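Right, one structure below, let's go through it.
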Amino acid sequence: MSFVYLLKQTPTYLDNGIYEFYKIYSNRPPTISNNYSSGNKIKRTFNREYSTLYCLGKGGFGQVYDGQRRSDNSPVVIKFLPKDRILNWGTFEGERVPYEIEILWRLRGVSGVIKILEHFEEVDRFIFIMEKISNSCTLFDLVMESSLLANTELLRHLFREIVRINITLQMYGVWHRDCKPENILYCKNDRSLRFIDFGSAAPVQLEDFHEFQGTLEIMVPEWILQRRYNGEKACVWAIGVCLYFLLYQLYPFRSKADIIKGRLNLPYLSSIDKEIYHTMKQCMNVNENRRPQLNNLQFLSWLQTIY
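Convert by adding 405 to the 1-based position in the sequence shown; the result is the number in the numbering used here.
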């Protein structure tokens, strides 16, 4: 599967540092610092190198576990992908691998993306090892355990980071396609975010997508009505869903009928800036052509407020 790089040739630098990242990464393809080689693969096996602890989550395409590296007891996260459930395939070092593994190697070292450490292929499954972020939780858990974030500096920081990471992924030619609070890790030490679960990811393409692998929470109306969607416009919709969740601690739509009608329940919160309401409604506009461009979200005036 081919991979598309979208590179900015003349970056613009902002006071808030949003474009600082582009200065580092946008002028060259990502390098892969790989501690795994095909020569090593024969000698190294998953069971020799790692032990599996407890289950963190199970989905339709795989299972995720806490684990340890046997050599030094370092904590890791382990994901198992049964071969008969893999829908999207890619290549890495000339070998056929799940597209999720290809994407993680290509994005290794990119700010805001969980880091892959190595991967293994067994007879009936692939296994890949990822970094374990200490003192972290999903954005979903953070929001559910927190008081309201409305009009706080933390809200602005989180939304700014969600926008930044999605812009970065676009520059590297990737749509996550399942951007929601459960798939975003929050590190409590430095407030950084990392996107996880790239099982639905796909290359940036000029044509519309005609398959949907995300979840109802971020499903766009054009998919329900027309069985098609544009990658960028679906990404902006998902970002709007994330903003809604940050504000209200729940998802905006409960059914496909609600999504089609754009039936947004927006309880009034006096602490919420009107511009935040406006951004939310723009991102989740039923008319995809009226949604803002992804790149323009970083310039929203309410994101520039400094406390």
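For each residue, glycine too, the CB sits at the ideal point set by N, CA and C. Please read all numbers here as calculations on a predicted model, not as lab measurements.
- Put simply, of R490, N493, L652 and Y455 the residue whose alpha carbon is nearest the alpha carbon of R475 is Y455.
- Distance from the Cα of Q703 is smallest, within the candidate group I677, G578 and R561, for R561.
- In the DSSP assignment, the residues bridged to I589 are F600.
- By the neighbour-count criterion, in which 16 or more other beta carbons inside 10 Å mark a residue as buried, L492 falls on the exposed side.
- In this structure, E587 lies near T543, with their beta-carbon atoms less than 7 Å apart.
- DSSP lists V482 as the bridge partner or partners of D471.
- Under the three-state reduction of DSSP output, P626 falls in the helix class.
- Scanning the stretch 502–589 from its first residue to its last, the whole alpha helix (DSSP H) runs of 4-plus residues come out as 504–511, 544–550 and 558–576.
- Put simply, the backbone Cα of K585 is about 15 Å away from that of G464.
- For E693, the closest alpha carbon among the candidates K666, T450, Y682 and L652 is that of K666.
- For W494, the enclosing beta strand (DSSP E) covers residues W494 to F497.
- When the beta-carbon positions are compared, D529 and K488 come within less than 7 Å of each other.
- Per DSSP, L461 lies in no alpha helix (DSSP H) segment; the continuous beta strand (DSSP E) that holds it begins and ends at Y455 to K463.
- The residue from Q610, S605 and V609 with its alpha-carbon nearest to that of F617 is S605.
- In this structure C460 is exposed. Its beta-carbon is surrounded by fewer than 16 other beta-carbon atoms within 10 angstroms.
- A Cβ-Cβ separation of about 6 Å places D602 in contact with D583 under the 8 Å criterion.
- Note that the stretch 639–651 touches the stretch 681–692; at least 3 beta-carbon pairs, one per stretch, sit closer than 8 Å.
- The DSSP-derived three-state label of E612 is coil.
- Residues of the same chain with a CB within less than 6 Å of the CB of E627, apart from the 5 flanking positions on each side, are Y634 and E693 in chain order.
- A662 sits in a helix when the DSSP states are folded into three classes.
- Here DSSP, grouped into helix, strand and coil, assigns Y634 to strand.
- Exclusion of the five residues before and after G462 leaves Q468 and V469 as the residues of its chain whose Cβ lies within less than 8 Å of its Cβ.
- Your pair G499 and E507 does not check out as a contact, with CB atoms roughly 12 Å apart and the cut at 8 Å.
- A606 carries a coil assignment under DSSP once its states are collapsed to helix, strand and coil.
- The C-beta distance from N571 to C640 rounds to 6 Å, short enough to meet the 8 Å contact threshold.
- For E500, the beta-bridge partners assigned by DSSP are F497.
- About 35 Å separates the beta carbon of N670 from that of N594, a gap too long to meet the 8 Å contact definition.
- In this structure, F533 lies away from I519, with their beta-carbon atoms at least 7 Å apart.
- The beta carbon of F658 sits closer than 7 Å to those of I664, all from its chain and outside the five residues before and after it, given in chain order.
- Excluding its 5 nearest sequence neighbours in each direction, P503 has C-beta neighbours in its own chain below 6 Å: L486, I491 and F531, listed in chain order.
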